[in-house]
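S.K.: Residue numbers (numbering that gives the first Met the number 0), protein chains in the order written: chain A, 0 to 249; chain B, 0 to 165. Ideal Cβ placement from N, Cα and C applies to all residues, glycine included.
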Amino acid sequence: MKDQLYQYILGIADNSLILGQRLGQLCGHGPSLEVDIACTNISLDLFGQVRSYYQYAAKLAGGDASEDSIAFLRKEREYRNVLLVEQPNTDFAYIITRGFLFDVYHELFLERLMHSKDETLAAIAAKSIKEVRYHRSFSSEWMKRMGAGTEESHRRVQDAVDSLWRYTKEFFQPTEAEKAMAEAGIGVDTSSFKATYDQHIAEVLQEATIVVPTSPYFQRGGKEGVHTEHLGYLLSDMQYMQRTYPNMNW
Amino acid sequence: MTSAEVNIDERLAPLLREVSDPEIPVLSIMDMGVVREARLEGKTAYIKLTPTYSGCPAMDVMGVDIQRLLKKYGYDAKVELVLSPAWTTDWITPSGRASLEAYGIAVPLEPEADKAALTGSERIVKCTHCGSQNTRVVSAFGSTACKALFQCDDCLEPFDYFKCLK
Ligand SMILES: [Zn+2]
Chain A
0 MKDQLYQYIL GIADNSLILG QRLGQLCGHG PSLEVDIACT NISLDLFGQV RSYYQYAAKL
60 AGGDASEDSI AFLRKEREYR NVLLVEQPNT DFAYIITRGF LFDVYHELFL ERLMHSKDET
120 LAAIAAKSIK EVRYHRSFSS EWMKRMGAGT EESHRRVQDA VDSLWRYTKE FFQPTEAEKA
180 MAEAGIGVDT SSFKATYDQH IAEVLQEATI VVPTSPYFQR GGKEGVHTEH LGYLLSDMQY
240 MQRTYPNMNW
Chain B
0 MTSAEVNIDE RLAPLLREVS DPEIPVLSIM DMGVVREARL EGKTAYIKLT PTYSGCPAMD
60 VMGVDIQRLL KKYGYDAKVE LVLSPAWTTD WITPSGRASL EAYGIAVPLE PEADKAALTG
120 SERIVKCTHC GSQNTRVVSA FGSTACKALF QCDDCLEPFD YFKCLK
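1. Looking only at its chain, what residues have a beta carbon closer than 7 Å to the beta carbon of B:Gly95, apart from the 5 residues adjacent to it on each side?
2. Decide if the segment 64–74 of chain B is in contact with the segment 143–152 of chain B; the criterion is three or more beta carbon pairs, one per stretch, under 8 Å apart.
3. Compute every distance between the C-beta of B:Ser131 and the non-hydrogen atoms of ligand 1, then say whether any falls below 6 Å.
4. Residues in its own chain within less than 8 Å of A:Thr208 by CB, not counting five upstream and five downstream?
5. Quick check on the DSSP output: what are the complete alpha helix (DSSP H) runs of length 4 or more inside the segment 6–40 of chain A, in order along the chain?
6. Spell out the partners DSSP gives B:Thr43 in its beta bridges.
7. How would you list, in chain order, the residues of chain B whose beta-carbon sits under 7 Å from the beta-carbon of A:Leu43?
8. Could you tell me if the beta carbon of B:His128 falls within a distance shorter than 6 Å of some heavy atom in ligand 1?
9. Which stretch, first to last residue, makes up the beta strand (DSSP E) that contains B:Asp159?
10. Counting only C-beta atoms, is B:Leu164 closer than 7 Å to chain A at any point?
11. The beta strand (DSSP E) spanning A:Ile123 covers which residue range?
12. Which word fits B:Met61, buried or exposed, when buried means at least 16 other C-beta atoms lie within 10 angstroms of its C-beta?
13. Would B:Leu164 and B:Thr49 be called neighbours here (beta carbons separated by less than 7 Å)?
14. Which chain A residues are close to B:Val137, counting only those with a beta carbon under 8 Å from its beta carbon?
15. Just to confirm, does B:Asp159 get its C-beta within under 6 Å of one of the non-hydrogen atoms of ligand 1?
16. Cutting at 7 Å between CB atoms, please list the residues of its own chain near A:Ser51, excluding the five before and the five after it.
17. Can you grab the Cα-Cα spacing for the pair B:Gly54 / A:Phe46, in whole Å?
18. Just grab the DSSP bridge partners of B:Val34 for me.
19. Based on Cα-Cα distance, which residue from A:His226, A:Arg144, A:Phe171 and A:Ala37 lies nearest to A:Lys193?
20. Would you mind telling me which residues of chain B sit closer than 7 Å to A:Glu140, beta carbon to beta carbon, in chain order?
21. Between the alpha carbons of B:Asp223 and B:Val63, how many angstroms are there, rounded?
22. Kindly confirm or deny that the segment 73–88 of chain A and the segment 226–235 of chain A touch, where touching means at least three C-beta pairs closer than 8 Å.
23. My guess is that B:Val137 and B:Ala116 are in contact by the Cβ rule of under 8 Å, so how many angstroms apart are they, rounded?
24. Can you list the residues of chain A that B:Ala112 reaches, using a CB-CB cut of under 9 Å?
25. Pop quiz: B:Gly103 and B:Phe158 are said to be a contact at Cβ under 8 Å. What is the actual Cβ separation, rounded to whole angstroms?
26. Exposed or buried, A:Met247, counting other C-beta atoms within 10 Å across all chains shown (16 or more means buried)?
27. Evaluate B:Val34 with the Cβ neighbour count: other Cβ atoms within 10 Å of its Cβ, from every protein chain shown; 16 or more gives buried, anything less gives exposed.
28. State yes or no: is the C-beta of A:Asp117 nearer than 6 Å to some heavy atom of ligand 1?
29. Give me the Cα-Cα distance between A:Thr119 and A:Tyr53, rounded to the nearest whole angstrom.
30. Within a Cβ cutoff of 8 Å, which residues of the same chain sit near A:Pro212, ignoring the five residues on either side of it in sequence?
31. By alpha-carbon positions, which one of B:Val81, B:Val106 and B:Arg38 ends up nearest to B:Met58?
32. DSSP three-state label for A:Thr189, please.
33. Only counting the same chain, and skipping five residues up and downstream in sequence, which positions put a Cβ closer than 6 Å to that of B:Asp113?
34. If you compare alpha carbons, which of A:Glu33, A:Tyr244, A:Thr167 and A:Asp197 is closest to A:Gly220?
35. Short of 7 Å Cβ to Cβ, which residues in the segment 84–98 of chain B face chain A?
36. With burial defined as no fewer than 16 other Cβ atoms inside 10 Å of the residue's Cβ, what is the status of B:Trp90: buried or exposed?
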């Protein structure tokens, strides 16, 4: 039970860590100063949330475990994030679409995690959701602006949606830990809000004049630690300081 | 769970008012509403702080500032971070709101108005320089997690708006 709770927490937190790292990579590289600041602000929110989850996980693990060892010293196969969030920063339409597909899920998920029987998880969720509502609103507004914008911005958003759509089903395919935690009233049964997710996505895409893909092909594996090639590069960038100078501090 | 009621020892309250938010120095941590409990047992002060935003880097600094200040008065401070109930901009005190305005940061609106202002559908945030409401959002995310960046179309000056968090 304790081990499953630990795995469950990592599953939630790793999504935010990896997306936070992706957004952090935009620092100084955003398409405009305002967007640069927005993306790094969102990254900071996600890292803050991650710290709370990892601190809790470290307490459960006991021994030498710490938020830093969990964040920086695991191997690629030990990360439980969904494939969507590790996808690289290509163009801005892709970055926003990736965020949008995650933010809608994240908000619906936290709305339910707030009612967890686990007090710590409920508290982190209640705190995080206030921030995530701003993330979802930011990415949704950009989806509409670009989708219904110029011919080129429309084409790029449609391409991004078509290309990232295959990663959206993984949210709703539960792992053993997720099943056990949902059963115990600690975790969230994500299948319970799959229809709501699809509906929210469809509403924004419609306003954005973007077509919802109908491809039946979906990809999964991140939750079991089987990642796309992109995660390894991200981790080597993120981990090299702790690996080179173990226990280093600011 | 939205209670603003806090249990703060009378002997500690004036001291904690001397500690300011490192990112908004005109605002004390008491005005910010982030001190959720302050108890005194002998010479040990037990302080519970709650973050404004999860990733707010100011929280660690506030903890250290509290310890340093209380030490001056002979107290040993133990600072604990609590998440529940989650902080809301409603906990900023009236004097805190006044200090924000004076410092040039527009105070948070209610949720509906906040949303309208941040999506640009209504011009309602008052410019902190000239008072005009002919203002527009430049970026929903500003120099710190808690703020958005606005510009006034009358005096043309930019200013910060403290976003509503509920
Ligand atoms: Zn003005």
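M.R.: Inspection of the coordinates gives the following:
1. The residue labelled residue 95 of chain B in the question sits at position 96 within the second sequence. Taken in chain order, the residues that qualify are Leu26, Asp30 and Met31.
2. no
3. Within the second sequence, residue 131 of chain B is the residue found at index 132, counting from 1. Under cutoff, so the answer is yes.
4. Numbered from its first residue, the first sequence carries residue 208 of chain A at position 209. Around A:Thr208: Gly146, Ala147 and His153.
5. none
6. Position 44 of the second sequence, counted from the start, is the residue given in the question as residue 43 of chain B. Answer is B:Glu40 and B:Asp75.
7. Taking the first sequence and counting its residues from 1, one reaches residue 43 of chain A at position 44. Within chain B, the residues near A:Leu43 are Gly54 and Ala144.
8. Reading the second sequence from its first residue, position 129 is the one you call residue 128 of chain B. Yes, Cβ of B:His128 sits closer than 6 Å to a heavy atom of ligand 1.
9. Against the second sequence, residue 159 of chain B aligns to sequence position 160. Start and end: Pro157 to Phe161.
10. For the purposes of this step, residue 164 of chain B is taken as the residue at position 165 of the second sequence. Taking Cβ atoms only, chain A reaches closer than 7 Å to B:Leu164, which makes this a yes.
11. By 1-based counting over the first sequence, the position of residue 123 of chain A is 124. First-last for A:Ile123: Glu118 to Gly146, but that is the alpha helix (DSSP H), not the beta strand (DSSP E).
12. Working through the second sequence from its first residue, we reach residue 61 of chain B at position 62. Per the 10 Å Cβ criterion, buried.
13. Here residue 164 of chain B corresponds to residue number 165 of the second sequence, with the count starting at 1. Here residue 49 of chain B corresponds to residue number 50 of the second sequence, with the count starting at 1. No. Outside cutoff.
14. Taking the second sequence and counting its residues from 1, one reaches residue 137 of chain B at position 138. Near B:Val137 (Cβ distances below 8 Å), the residues of chain A are Glu33.
15. Here residue 159 of chain B corresponds to residue number 160 of the second sequence, with the count starting at 1. No, the beta carbon of B:Asp159 sits no closer than 6 Å to any heavy atom of ligand 1.
16. Locating residue 51 of chain A in the first sequence gives position 52, counting from the first residue. Excluding sequence neighbours, A:Ser51 sits near Ile123.
17. The count along the second sequence starts at 1 and reaches residue 54 of chain B at position 55. The count along the first sequence starts at 1 and reaches residue 46 of chain A at position 47. Each residue's CA atom was taken as its position, placing B:Gly54 and A:Phe46 some 6 Å apart.
18. Taking the second sequence and counting its residues from 1, one reaches residue 34 of chain B at position 35. Paired residues: B:Leu48.
19. By one-based count along the first sequence, residue 193 of chain A stands at place 194. Of the listed residues, the one whose Cα sits closest to A:Lys193 is A:Phe171.
20. Counting from 1 along the first sequence, the entry for residue 140 of chain A is found at position 141. Those are Thr118, listed as they occur along chain B.
21. Chain B is shown from 0 up to 165; residue 223 of chain B falls before or after that span and cannot be answered.
22. yes
23. Counting from one through the second sequence, the residue named residue 137 of chain B turns up at place 138. Counting from one through the second sequence, the residue named residue 116 of chain B turns up at place 117. Actually they do not touch by this definition, with Cβ atoms about 12 Å apart.
24. The residue labelled residue 112 of chain B in the question sits at position 113 within the second sequence. Residues of chain A passing the Cβ test: none, with the nearest at roughly 15 Å.
25. Counting from 1 along the second sequence, the entry for residue 103 of chain B is found at position 104. Counting from 1 along the second sequence, the entry for residue 158 of chain B is found at position 159. That belief holds up - the Cβ atoms of B:Gly103 and B:Phe158 are roughly 6 Å apart, short of 8 Å.
26. Counting from 1 along the first sequence, the entry for residue 247 of chain A is found at position 248. A:Met247 comes out exposed.
27. Within the second sequence, the letter at position 35 stands for residue 34 of chain B. Buried: at least 16 other Cβ atoms inside 10 Å.
28. Position 118 of the first sequence holds residue 117 of chain A. Every heavy atom of ligand 1 is 6 Å or more from the Cβ of A:Asp117, so no.
29. Locating residue 119 of chain A in the first sequence gives position 120, where the first residue counts as 1. Locating residue 53 of chain A in the first sequence gives position 54, where the first residue counts as 1. The alpha-carbon atoms of A:Thr119 and A:Tyr53 are separated by roughly 12 Å.
30. Along the first sequence, read from residue 1 onward, the residue named residue 212 of chain A stands at position 213. So the qualifying residues of the chain are Val160, Asp161 and Trp164.
31. For the purposes of this step, residue 58 of chain B is taken as residue 59 along the second sequence, with counting starting at 1. It is B:Val81.
32. By one-based count along the first sequence, residue 189 of chain A stands at place 190. Looking at A:Thr189 - three-state DSSP - the assignment turns out to be helix.
33. On the second sequence, position 114 is the one that residue 113 of chain B refers to. Once the five neighbours on either side are set aside, the close Cβ partners of B:Asp113 are Cys163.
34. Counting from 1 along the first sequence, the entry for residue 220 of chain A is found at position 221. Ranking A:Glu33, A:Tyr244, A:Thr167 and A:Asp197 by CA distance to the CA of A:Gly220 puts A:Thr167 first.
35. Along the segment 84–98 of chain B, the positions whose C-beta sits under 7 Å from a C-beta of chain A are Ala85, read in chain order.
36. Position 91 of the second sequence holds residue 90 of chain B. By the neighbour-count rule (16 or more Cβ atoms within 10 Å), B:Trp90 is buried.
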